[in-house]
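J.: Numbering (our numbering), first residue to last: 1 to 174.
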């Protein structure tokens, strides 16, 4: 009787559906499942047919109503679309990473230049000092906004997208 639960699960049916197929009431079927009652002879014969269907090799009962080739082609197309989306995200991430790195490097260069001017030129007038202070603040702000933690985040994202691309390529080839 416990096997009958497995039969029902293999067929993907609920108790009500199984009872309708065997032309018995749901309570008759549920009592049969727990071993408290036998099924009528007609229902037992129908159950035997279902058991025979389940035990057939899958190749013997190729689903003629489902076009497996078309389903596989649809699945492949889904993975192809995911590959395109992934490639687009890779390009965007690379672009953002390069922009962040460029801004960070510009900030570093500006700070080096300001440091050079401050150490080299002792005669900085008030106007120049004010400009240097503003430039220094802008450079530090650019470095803080585009710092190494943000760059690491984008590098990680890029690496994960590359790994995803490898997995998608495997799925397309299957």
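For glycine and all other residues, C-beta sits at the position ideal for the given N, C-alpha and C.
Starting from the C-beta of residue 29, find all residues in its chain whose C-beta is less than 8 angstroms away, skip the five residues before and the five after it, and write them out in chain order.
T.: Once the five neighbours on either side are set aside, the close Cβ partners of residue 29 are 15, 18, 19, 22, 39.
J.: Indicate whether residue 100 and residue 150 have their beta-carbon atoms separated by less than 8 angstroms.
T.: Their beta carbons are under 8 angstroms apart, which means residue 100 touches residue 150 by this criterion.
J.: Let's test the definition: count the other Cβ atoms within 10 Å of the Cβ of residue 32 and tell me whether it reaches 16, buried, or not, exposed.
T.: It counts as buried.
J.: According to the neighbour-count rule (16 or more other Cβ atoms, all chains shown, within 10 Å of its Cβ), is residue 104 buried or exposed?
T.: That one is buried.
J.: Which first and last residues belong to the alpha helix (DSSP H) in which residue 169 is found?
T.: Start and end: 148–173.
J.: Suppose contacts are defined by Cβ-Cβ distances below 8 angstroms. Is residue 86 in contact with residue 164 by that definition?
T.: Contact: yes.
J.: Quick check on the burial criterion: 16 or more other C-beta atoms within 10 angstroms. Buried or exposed for residue 12?
T.: So residue 12 counts as exposed.
J.: The alpha helix (DSSP H) spanning residue 72 covers which residue range?
T.: It spans 68–120 - the alpha helix (DSSP H) in which residue 72 sits, taken as one unbroken run.
J.: Less than 8 angstroms separating the beta-carbons of residue 135 and residue 90?
T.: No.
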